[in-house]
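For reference, the structure discussed in these notes is given below.
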Amino acid sequence: MNWQWFTNMKIAYKLLLSFLIILILTLATGIFGILQTERLNAASTGVLNNTLPSVRYALLMKATLNRMRVSELQHILSSEVSDFDYYEKSIESRTKEFTGYVEKFTLLVDSAEEKQLFESLNQSFVAYRAAGKNVLALSRAGNQDEARKAIRGDSVKLFRKVNDIVDKLVDLSQEESGRALVTNDYLMSSSRAWIIGILAAAMLISVTLALFIAGMISRPLRAVVSVAERVASGDLTASMTVASTDEIGQLQRAMQTMTASLQTLVGQVRGGTVAINIASQEIASGNLDLSSRTEQQAASLEETAAAMEELTSTVKQTAVNALEANSLVATAAAVAGQGGEVVSEVISTMNSINASSRKIVDIISVIDGIAFQTNILALNAAVEAARAGEQGRGFAVVASEVRNLAQRSAAAAKEIKALINDSVEKVGAGSKLVDQAGSTMVEVVASVRKVSDIVSEISSATQEQSGGIEEVNIAIIKMDEVTQQNAALVEQAAAAAQSMQDQAAQLAQAIKVFRLDDGSASRSASLLIE
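First residue of the sequence shown? That's 444 in this note's numbering, and the numbers climb one at a time after it.
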């Protein structure tokens, strides 16, 4: 059977489930005990309400019947009327009592045999009472001898029959009582056995469940304690098998994670101690190199100081030259600015000439149109003069001259237009050249101004360099002082490196107490290589 689901259950749920099972077993035992007690109670109630009353009524009937018989015998032996009355009343009273017991007994009858006996009892008792009345009548009449014969005859036979039936009822009631007692004893013993068995099963299941849960909890805890003790002693190779996901399983996983983290950490520390030892050795050798380089740096600082003095004089001369160049560049910038203004004015004039030339071209076009219209009018006039004949000849001559003038005007207008167009093109080309010259002058002016700015910056930078060189001289003096301090610090660093090397050796000795597996050792080695 797979108990993994129970193993993975939380401890609280395991305990709750165990107590629930025990509670169910206890409840089942209690319910079974209550049911058995109810059965015993029902059986005892049956004995008390049925069996015992039937025995009691049967015995009472037998006693009442015997008293009736005694009263009959005493009636025969009496001679007084008062005695007769007393015994007859007694017999009548006993008869009513017997009849009442019979009726009560009848209510308790449940078997066919008892019912048959009661029918026979009723018939026999009626016959017995009839015989008894006959005996009493003979006795009261004074016929004692006849009465004695009668009481020894049918009366005694009927009495014995009724008495035998009552004895049988008593026996049946006692047998039923015995069976009831046996049944009660059986119920009692069986109930006791069942309850003891259920209690034993409940105890067995409870103990088994308790041992199972205790083992399920204690075994992983012992494994965790074992691993913890091994880790405490320095053995980090300890491991355990996690078989559940409950709180103990989580504790085991946390212990495994902690052990793995400790392995990694100790491996890194072990690698770090080796690296620190190596680094301390390198620092010691580096301090020696630093000491020699510090001496070389001091010598270099002296040479640098001499070179800085020469550089200071050179920079000062450069500053004077930069001031002069700045003045010349400022003059050139002013002249270039004036040339730029003149070129701008020329550009403006050329633009005006170009606009005027275009207006002249428009006027010539108008004149050419007028000449064309005049030519058309002269042609129409010549046509009209030809129609007029001799009268229009003079007008035809005038129209011909006007036509010639219109044609000459049109030709002159075309020549002027061509000249003007050529002038416009040349003016346009000149304008472009002037524009280019203007742009060039603007660039020249901008370049001169940039040169002026650069020279100004050079002059400022030269002055700043002069001040900076003085600060560099001061810095070199301080560097000399710092170099001397560095020499002292190098000696202190050498001592500190030696101390660090000793402490690294002590740390490596302390780390040796921990045992690591091969995987952690290889990881430490890889970390050291990196």
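Note that beta-carbon positions come from the ideal geometry of N, C-alpha and C, so glycine has one too.
Per DSSP, A645 is one residue of the alpha helix (DSSP H) stretching across 597-675.
Spanning the alpha carbons of S723 and L679 requires a straight line of approximately 29 angstroms. Below 8 angstroms, enough C-beta pairs join the segment 626-634 and the segment 464-482 to call them touching: three or more. Under the three-state reduction of DSSP, D528 is assigned to helix. With respect to R851, L822 sits apart: the two C-beta atoms are not nearer than 8 angstroms. Approximately 7 angstroms separates the beta-carbon atoms of K860 and D811; this is inside 8 angstroms, confirming the contact. The Cβ atoms of I719 and A947 lie closer than 8 angstroms to each other. D945 is not bridged by DSSP to any residue. For Q834, there is no enclosing alpha helix (DSSP H), since its DSSP letter is neither H nor E. For S563, the closest of S598, G692, K604 by C-alpha to C-alpha distance is K604. Judged by DSSP in its simplified three-state form, D689 adopts coil rather than helix or strand. Here G621 is actually not in contact with S598; their C-beta atoms are around 34 angstroms apart, not less than 8 angstroms. If you look at S582, you'll find it in the alpha helix (DSSP H) that goes 555-583. Inter-segment contact for the segment 550-570 and the segment 513-531 is absent: fewer than three beta-carbon pairs are separated by less than 8 angstroms.
Non-local beta-carbon contacts of K558 in its own chain, meaning distances under 8 angstroms to residues more than five positions away in sequence, involve V552 in chain order. Sequence-distant partners of L508 (beyond 5 residues in either direction) whose C-beta falls short of 7 angstroms from its own C-beta, in its chain, are F541, V605, N606, V609.
Separation of L460 and M659 (C-alpha to C-alpha, rounded to the nearest whole angstrom) is 14 angstroms. Looking at M452, K547, I691, Q711, the one whose alpha-carbon comes closest to that of V498 is K547.
E690 counts as exposed, since fewer than 16 other beta carbons sit within 10 angstroms of its beta carbon. Approximately 5 angstroms separates the beta-carbon atoms of I534 and M511; this is inside 8 angstroms, confirming the contact. In this structure, the CA atom of E531 is about 16 angstroms from the CA atom of N586.
Comparing C-alpha distances from I639 to each of D614, V709, N577, L468 shows the shortest one belongs to L468.
Rounded to whole angstroms, the gap between the alpha carbons of Q706 and R713 is 10 angstroms. Contact check for A849 against T817 passes: the beta carbons are separated by less than 8 angstroms.
Taking the CA atoms as reference points, F561 sits about 14 angstroms from A570.
Look at N451 here: in three-state DSSP terms it is coil, with no helix or strand label. Each residue's CA atom was taken as its position, placing M701 and L652 some 33 angstroms apart. No Cβ-Cβ contact shorter than 8 angstroms links T549 with R572. A Cβ-Cβ separation of about 7 angstroms places I648 in contact with I464 under the 8 angstroms criterion. T684 sits in coil when the DSSP states are folded into three classes, being neither helix nor strand.
Cβ contact annotation for S743 (same chain, cutoff 7 angstroms, sequence separation greater than five): none. Residue burial annotation: K875 is exposed, with fewer than 16 other C-beta atoms found within 10 angstroms of its C-beta.
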